[in-house]
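Here the structure comes first, spelled out in structure tokens, and everything after it is commentary.
Number of protein chains: 2
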Amino acid sequence: MQSILSRVEIKQRETSIMSARNAFYAQSGGVTAVINASACGVIETARKNPNKIANVYAGRSGIIGALTENMIDTNKESAATIAALMHTPGGAFGSARYKLKGIEENRAEYERLIEVFKAHDIGYFFYNGGNDSMDTAHKVSQISKSMGYPVTCLGIPKTVDNDLPVTDNCPGFGSVAKYVAVSTQEAAMDVLSMAETSTKVFILEVMGRHAGWIAAAGGLAGKNPEDAPHIILFPEVPFRKREFLKRVRECVNQYGYCVIVVSEGARFANGKFLAEAGTRDAFGHAQLGGVAPVLANMVRDNLGYKFHYAIADYLQRSARHIASDVDVRQAYAVGKAAVRYALQGKTAVMPVIKRVSDKPYRWTIESAALGRIANKEKMLPRRYIRRDGFGITAAGRRYLEPLIKGENYPPYINGLPKVAKLKNKPVKPLTGTKFVV
Amino acid sequence: MQSILSRVEIKQRETSIMSARNAFYAQSGGVTAVINASACGVIETARKNPNKIANVYAGRSGIIGALTENMIDTNKESAATIAALMHTPGGAFGSARYKLKGIEENRAEYERLIEVFKAHDIGYFFYNGGNDSMDTAHKVSQISKSMGYPVTCLGIPKTVDNDLPVTDNCPGFGSVAKYVAVSTQEAAMDVLSMAETSTKVFILEVMGRHAGWIAAAGGLAGKNPEDAPHIILFPEVPFRKREFLKRVRECVNQYGYCVIVVSEGARFANGKFLAEAGTRDAFGHAQLGGVAPVLANMVRDNLGYKFHYAIADYLQRSARHIASDVDVRQAYAVGKAAVRYALQGKTAVMPVIKRVSDKPYRWTIESAALGRIANKEKMLPRRYIRRDGFGITAAGRRYLEPLIKGENYPPYINGLPKVAKLKNKPVKPLTGTKFVV
Chain W
1 MQSILSRVEI
11 KQRETSIMSA
21 RNAFYAQSGG
31 VTAVINASAC
41 GVIETARKNP
51 NKIANVYAGR
61 SGIIGALTEN
71 MIDTNKESAA
81 TIAALMHTPG
91 GAFGSARYKL
101 KGIEENRAEY
111 ERLIEVFKAH
121 DIGYFFYNGG
131 NDSMDTAHKV
141 SQISKSMGYP
151 VTCLGIPKTV
161 DNDLPVTDNC
171 PGFGSVAKYV
181 AVSTQEAAMD
191 VLSMAETSTK
201 VFILEVMGRH
211 AGWIAAAGGL
221 AGKNPEDAPH
231 IILFPEVPFR
241 KREFLKRVRE
251 CVNQYGYCVI
261 VVSEGARFAN
271 GKFLAEAGTR
281 DAFGHAQLGG
291 VAPVLANMVR
301 DNLGYKFHYA
311 IADYLQRSAR
321 HIASDVDVRQ
331 AYAVGKAAVR
341 YALQGKTAVM
351 PVIKRVSDKP
361 YRWTIESAAL
371 GRIANKEKML
381 PRRYIRRDGF
391 GITAAGRRYL
401 EPLIKGENYP
411 PYINGLPKVA
421 KLKNKPVKPL
431 TGTKFVV
Chain E
1 MQSILSRVEI
11 KQRETSIMSA
21 RNAFYAQSGG
31 VTAVINASAC
41 GVIETARKNP
51 NKIANVYAGR
61 SGIIGALTEN
71 MIDTNKESAA
81 TIAALMHTPG
91 GAFGSARYKL
101 KGIEENRAEY
111 ERLIEVFKAH
121 DIGYFFYNGG
131 NDSMDTAHKV
141 SQISKSMGYP
151 VTCLGIPKTV
161 DNDLPVTDNC
171 PGFGSVAKYV
181 AVSTQEAAMD
191 VLSMAETSTK
201 VFILEVMGRH
211 AGWIAAAGGL
221 AGKNPEDAPH
231 IILFPEVPFR
241 KREFLKRVRE
251 CVNQYGYCVI
261 VVSEGARFAN
271 GKFLAEAGTR
281 DAFGHAQLGG
291 VAPVLANMVR
301 DNLGYKFHYA
311 IADYLQRSAR
321 HIASDVDVRQ
331 AYAVGKAAVR
341 YALQGKTAVM
351 PVIKRVSDKP
361 YRWTIESAAL
371 GRIANKEKML
381 PRRYIRRDGF
391 GITAAGRRYL
401 EPLIKGENYP
411 PYINGLPKVA
421 KLKNKPVKPL
431 TGTKFVV
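Chains W and E are the protein sequences, given in the same order.
Heads up: the first sequence is residues 1 to 437, going by our numbering.
Heads up: the second sequence is residues 1 to 437, going by our numbering.
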């Protein structure tokens with residue numbers, strides 16, 4: 001009797017496995033400290049639904065891995081390894097700066113994508129990225145349908161730039177915001193304690209080519225006029241040299257020192273980046289370089305103060321060691337929600353974070369149509385920037401503060417963070433054709 | 001009977017309080033993430049010995065506070081505030097880059113110091129700093145004796161540069177080492193995951209004008225040839241452009257990317273700093289600036305790889321959020337030991353850290369004569385540097401690894417580290433004279 005039941009069970013399982021299809025997951029664009037937490041959310045949730053999703057294949061170097069049929073079999077990874085993605089920075093499967101063109105310009109790429117998806121019975125496409133990626137996911141959803149092989153397409157938000165619309169914030173941003181706020185506070189204490197005989201002006205250059213979200217986060221380090229940072233320079237506020245130097249001098253006179261957080265995208269009224277303000281190397285070549293040294297030289301030449309500057313660069317977006325707990329949990333939640341939505345039959349949507357309340361901070365996940373998100377940028381609202389243009393408002397603080405809350409520490413071994421060591425075993429190619437990107 | 005005994009006790013206490021003298025504590029030179037842990041060790045230990053040390057006065061802006069009679073009454077701080085110094089970066093009382101000259105050159109400064117010490121019944125001088133400060137403490141010890149007002153002088157080691165002799169390592173170094181190792185590991189994971197379509201060469205510039213201790217710590221991030229950092233540039237190894245570029249190309253060809261940790265003190269065979277290699281601003285002025293952009297431009301001009309660079313600057317030495325637990329404990333221990341030695345009647349000594357074993361790491365504190373330490377620099381031994389000059393050896397790793405062990409996290413409030421908020425109440429001046437530094 002038991003053996004008969006078992007046979008029925010086996011049959012049922014076979015049927016469900018047969019009806020289960022594969023999923024393709026890819027990371028796209030600049031990585032963050034928590035993009036792998038989203039990967040973890042996708043894979044763990046898929047593994048809980050083996051009757052619907054047989055396997056998650058990850059693109060090696062993002063979407064390029066699909067085009068070149070270079071995919072990673074995540075089923076070969078243990079549950080412990082997948083769990084360790086929660087505290088592993090970088091992109092575990094490789095990410096890519098690669099934007100699919102419009103279908104009219106490059107139909108071959110879309111056809112190739114569908115060819116690979118078909119060959120591997122991929123019915124779900126999870127694309128973890130920013131604006132461009134949401135546009136790609138949207139297009140793949142439309143094109144797959146028109147090609148008679150409809151794929152369930154889900155976007156998963158990710159960007160330190162925090163510039164996706166509809167969602168309250170973007171996974172990845174909270175951790176870089178925390179890094180910048182903590183670093184500003186710490187460095188300011190260092191500078192203040194030595195300003196009498198040493199450095200009086202300290203400049204921290206942070207990311208944000210188009211929007212000042214990350215620079216704004218530096219403002220969390222202080223509340224009162226005497227607190228650092230004394231000046232924030234946003235891309236949204238045209239740089240005024242005279243006003244800037246006046247403010248630096250005032251800070252040094254009043255507080256003994258001046259701490260500046262500057263966005264790499266800070267620019268003049270004519271739109272030209274400060275970073276391009278004409279430094280040249282020994283051969284007279286225009287030097288690519290930071291905005292921090294440009295400001296530092298301006299301070300030296302006009303005010304004569306001793307200065308120092310730091311350029312956080314990739315340190316800020318890979319600093320998993322000081323990740324925001326809220327950010328880590330949201331990154332996981334959007335990965336998990338994407339799989340749930342897919343299994344509910346939703347397509348061409350992205351899970352978005354909806355803020356329920358500021359204090360206490362409460363949030364939930366909803367779905368939003370990719371068409372509302374693709375190719376739209378959410379700029380830092382003017383009401384988050386102080387009237388004088390050099391700091392954040394109470395409204396800005398209210399928005400930003402919850403996003404850096406909580407510390408989500410990785411485990412350590414021998415003094416260094418322990419990270420997931422993936423096997424990254426390839427999926428056997430099945431198309432029999434090559435595709436060059 | 002009881003009342004008579006109590007009177008005797010009271011008398012004894014009065015005598016002991018009357019025999020208790022004041023202590024002066026000053027922070028000197030560049031601050032560290034843990035110099036306040038040493039201050040905590042001094043003050044807490046002094047408070048446990050009220051019969052010997054009545055009060056600890058701290059110099060506002062270091063030794064300048066003694067010369068200008070601008071001292072802070074640490075007795076006005078609660079036990080909780082003093083305990084919070086353990087996790088507070090920067091210099092709580094202010095530090096100074098101010099070196100007392102030799103007695104022949106400026107006798108007035110030493111006389112003033114003794115004048116202030118006399119006026120405030122200061123019998124103990126604790127000087128928390130590097131090489132120069134140990135020299136000053138040593139001189140004050142000798143001069144105070146010759147002036148008929150012998151002061152017990154103790155050095156307390158502190159320097160991120162790790163260049164004090166005799167001691168196994170210097171409090172402050174372990175934490176900057178941990179910051180650099182962790183940051184190198186994290187940034188490398190970011191770069192690796194995107195190297196196919198984006199940045200191939202990443203450069204992290206770290207401190208260390210004279211010695212490569214901090215750059216060497218970056219080497220802890222990887223063990224195998226394929227692991228980052230692929231190249232470390234030490235001040236101790238003359239920079240060879242051709243070899244450097246060859247190695248960068250090899251790494252990109254073999255591993256897909258190349259991570260470089262460079263000491264700000266990296267130099268050519270002729271002794272000239274790479275950082276001075278001739279970048280000019282728009283007006284043709286020599287631009288002060290980092291070594292990282294110089295290397296980046298070299299890579300771009302010769303190899304054409306996409307690059308990024310980070311300059312850690314003050315972030316590395318103020319990063320209390322990722323302090324090494326070993327470092328925090330040693331910083332406290334040297335402060336505590338200094339007071340104990342002083343109470344044992346030792347003078348002109350500094351507590352040094354003695355390594356008992358590497359694995360498991362065991363250490364103890366001993367005292368060493370200031371004369372053995374003052375004005376001597378401990379360089380990174382050649383046997384810690386790989387034969388090819390681009391990395392650390394197993395011996396180097398054995399030395400460095402224990403120093404970054406353990407995470408000593410500060411408490412957080414609203415997503416930011418909570419720090420000690422000192423009252424820093426001034427001690428009433430008693431000399432009646434002014435002194436200008």
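C-beta: ideal position from N, C-alpha, C; glycine also.
message = Given this structure, state the Cα-to-Cα distance separating N51/W from A20/W, to the nearest angstrom.
response = 5 Å
Discussion item. Considering just the uninterrupted stretch of the beta strand (DSSP E) at R362/W, what are its terminal residues?
Written reply: R362 to A369
Report task. Pick out whichever of H120/W, A137/W and V116/W has its Cα sitting closest to the Cα of F126/W. Result -> A137/W
Item checked: Residue from V261/E, L295/E and I365/E with nearest C-alpha to E276/E -> L295/E
If you reduce the DSSP assignment to three classes, tell me which class S318/E lands in. helix
Discussion item. Distance check for Q344/E and N169/E, CA to CA, integer angstroms please.
Written reply: 24 Å
Chain W contacts from the stretch 411 to 423 of chain E (Cβ-Cβ distance under 8 Å): Y412, N414, G415, L416, P417 and V419
Quiz item: Would the stretch 413 to 432 of chain W and the stretch 56 to 74 of chain W be scored as touching if the rule is three or more Cβ pairs under 8 Å?
Solution: yes
message: M350/W and G155/W - do their beta-carbons sit closer together than 7 Å?
response: yes
Practice item. Check whether the Cβ of L67/W lies closer than 7 Å to any Cβ atom in chain E. Key: no
Note to self: Taking the beta carbon of T431/E as the centre, do at least 16 other beta carbons fall within 10 Å, making it buried, or is it exposed?
What the structure shows: exposed
Notebook entry, point to check: Given that V191/W touches chain E, what residues does it touch there, using C-beta distances under 7 Å?
Noted result: Y314
- Message: Any beta carbon of chain W sitting closer than 7 Å to that of P225/E?
- Response: no
- request: Report the residue from I122/W, T184/W and V237/W whose alpha carbon sits nearest the alpha carbon of D388/W.
  value: V237/W
For a test of the three-state rule: what should DSSP assign to S141/E, helix, strand or coil?
helix
Judging by CA-CA distance, which residue of S324/E, I392/E and D132/E is the nearest neighbour of V176/E? S324/E
Measure from the C-beta of S175/E to each C-beta in chain W and report whether the shortest distance is under 7 Å.
no
Exercise. Pick helix, strand or coil for L164/W, following the three-state DSSP scheme.
Key: coil
If you draw a straight line from the C-alpha of L245/E to the C-alpha of Y309/E, how long is it?
16 Å
**Any 3 or more C-beta pairs closer than 8 Å across the stretch 185 to 198 of chain E and the stretch 77 to 94 of chain W** = yes
Let's see if you can read the secondary structure: which residues bound the alpha helix (DSSP H) around I63/W? I63 to L67
Secondary structure of Y98/W, DSSP reduced to three states: coil
Do we get a CB-CB distance below 7 Å when we pair Q185/W with the residues of chain E? yes
**Request:** Below 6 Å CB to CB, which residues in the same chain sit around R398/W once its five sequence neighbours on both sides are set aside?
**Result:** D358
ask   = Considering only the beta carbon of each residue, do A217/W and F234/W sit closer than 7 Å?
value = no
query: Which residues of chain E have a Cβ atom closer than 9 Å to the Cβ of E77/W, listed in chain order?
result: Neighbours of E77/W on chain E: none; closest Cβ ~16 Å, over 9 Å.
Is the Cβ-Cβ distance between G41/W and Y332/W less than 7 Å?
-> yes
Can you name the residues of chain E whose CB is closer than 8 Å to the CB of R320/W? E186
| request: Let me know the secondary structure DSSP gives L274/W once reduced to three states. | output: helix
Practice problem: Find the nearest neighbour of L204/W within the set Y179/W, T197/W and K223/W, judged by alpha-carbon distance. | Solution: Y179/W
I'd like to know if P89/E contacts chain W, where contact means its C-beta is closer than 7 Å to some C-beta of that chain.
yes
Check your understanding: What is the DSSP secondary structure of R117/W, counted as helix, strand or coil?
Key -> The sequence given here has Phe at residue 117/W, not Arg. Helix, per DSSP.
- 7 Å Cβ cut-off: residues of chain W touching F239/E: Simply none; closest approach about 15 Å.
- Item | Of the residues V248/W, Y314/W and R242/W, the one placed nearest E264/W, counting alpha carbons only | Y314/W
Quiz prompt | Contact check, R47/W vs G94/W, beta carbons under 7 Å | solution = no
For T81/E versus A420/E, is the C-beta spacing smaller than 7 Å? yes
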